[in-house]
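Student: After the structure tokens below, expect a handful of questions from me.
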Amino acid sequence: MFKDFPVQEYGIGIFYSAAPTNVPIVKGKILEIIKKLQTEEITDDDLQKTIEKAKRKHEANMRKNSYWLSQLVWLNQMQAKPEFATDFDKYLKMLNKKSIQEAFKKYYNTESYVNVWLKPEDKK
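Position in the sequence shown (first residue = 1) + 677 = the working numbering.
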């Protein structure tokens, strides 16, 4: 069924809510944070906060059928091993400041990206 899907090398999405007038400000702040993560050392405190937040989110997601459905569909599309969905903590433990910064340098291109936003419908 998924054999005709194109092979995706990687994809990154950043989603946020903002009033249309604030989109340029928020976008600028996001680009600023990405550039900072590419160039400045990540603090131990920030790393631990990020790991703890990811753990809590994953624990909450594991109780939702919709999460498991999306994981199974993704694993099937990517032809990945099912353990990828269940070994989250193992992969989380592999995170370190250097690997995160290297990933930001490699995958986040602040010069070439697609910016999409939804505008609210005009009130009549």
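The beta carbon of each residue, even a glycine, is placed where N, CA and C say it ideally should be.
Computed from a predicted structure; not experimentally measured.
1) Tell me whether residue 711 is buried or exposed, calling it buried when 16 or more other Cβ atoms sit within 10 Å of its Cβ.
2) Taking the alpha helix (DSSP H) that residue 781 belongs to, which residues open and close that run?
3) Does residue 792 come out as helix, strand or coil in the three-state DSSP assignment?
4) Report yes or no: do three or more beta-carbon pairs, one from the region 687 to 703 and one from the region 754 to 761, lie closer than 8 angstroms?
5) For residue 690, does the three-state DSSP call read helix, strand or coil?
6) Report the residue from 796, 789, 778 whose alpha carbon sits nearest the alpha carbon of residue 719.
7) So, using beta-carbon positions, are residue 781 and residue 714 closer together than 8 angstroms?
8) Does DSSP put residue 754 in a helix, a strand or coil?
9) I'd like the list of long-range same chain contacts for residue 795, defined as Cβ closer than 7 angstroms, with 5 residues on each side in sequence excluded.
10) Is there contact between the region 720 to 740 and the region 699 to 706, where contact requires at least three CB pairs shorter than 8 angstroms?
Tutor: In short, the structure shows the following:
1) buried
2) 774 to 784
3) coil
4) no
5) coil
6) 778
7) yes
8) helix
9) none
10) no
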